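Trainee: One structure follows; several queries about it will come next.
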Amino acid sequence: MIALSDKQSVGSAITVMNPAKTAITLLNRSAPSGIYTYQLFNSTGQQVSEGKIDMAANAAVLIRLPIQIATGYYTLHLQGQQMRFSQQVLIEK
36 MIALSDKQSV GSAITVMNPA KTAITLLNRS APSGIYTYQL FNSTGQQVSE
86 GKIDMAANAA VLIRLPIQIA TGYYTLHLQG QQMRFSQQVL IEK
């Protein structure tokens with residue numbers, strides 16, 4: 036069992052809000068602004084969503100979740116020009 040707090044810090048640059056319901060909220064605290072690509076994988080490694088987001092400094096951005104996504108743990112991969120990270124996200128329906 037993996038316990039996630041309601042706010043998971045990723046290198047303190049970006050905070051991923053947990054759990055997510057209809058969208059994943061990312062808070063950009065100090066990551067460089069710009070276009071980031073994201074991929075969301077389920078617990079079996081199957082990609083369930085992908086796209087691009089525009090991250091502004093000191094701002095929040097939403098990644099909308101597919102309507103048919105099931106409750107469970109997912110891994111979010113985010114990559115920009117100057118940084119990349121992976122974070123586990125709990126999705127509750």
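With the first letter of the sequence shown counted as 1, position 2 gets the number 37 in this note's numbering; the numbers rise by one all the way through.
All C-beta atoms, glycine included, are put in the ideal place defined by N, C-alpha and C.
Owing to the predicted nature of the structure, the values given are computational and were not obtained by experimental measurement.
So the beta strand (DSSP E) Thr60 belongs to, where does it begin and stop?
Mentor: Here the beta strand (DSSP E) through Thr60 covers 58-63.
Trainee: For Thr79, which beta-bridge partners are listed by DSSP?
Mentor: For Thr79, which the question treats as bridged, DSSP gives no partner whatsoever.
Trainee: For Gln114 and Ala58, what's the separation of their Cα atoms in angstroms?
Mentor: Looking at the two C-alpha atoms, the distance is approximately 18 Å.
Trainee: For Ile98 versus Leu61, is the C-beta distance shorter than 8 Å?
Mentor: Yes, the Cβ-Cβ distance between Ile98 and Leu61 is below 8 Å.
Trainee: If Ala105 sits next to Lys128, beta carbons under 8 Å apart, how far is it from one beta carbon to the other, in whole angstroms?
Mentor: About 7 Å separates the two Cβ atoms, so the contact holds.
Trainee: Mind reading off the beta-carbon distance from Ser84 to Leu75? Whole number of angstroms is fine, and I expect it under 8 Å.
Mentor: Yes, they are in contact, since the Cβ atoms of Ser84 and Leu75 sit about 4 Å apart, within 8 Å.
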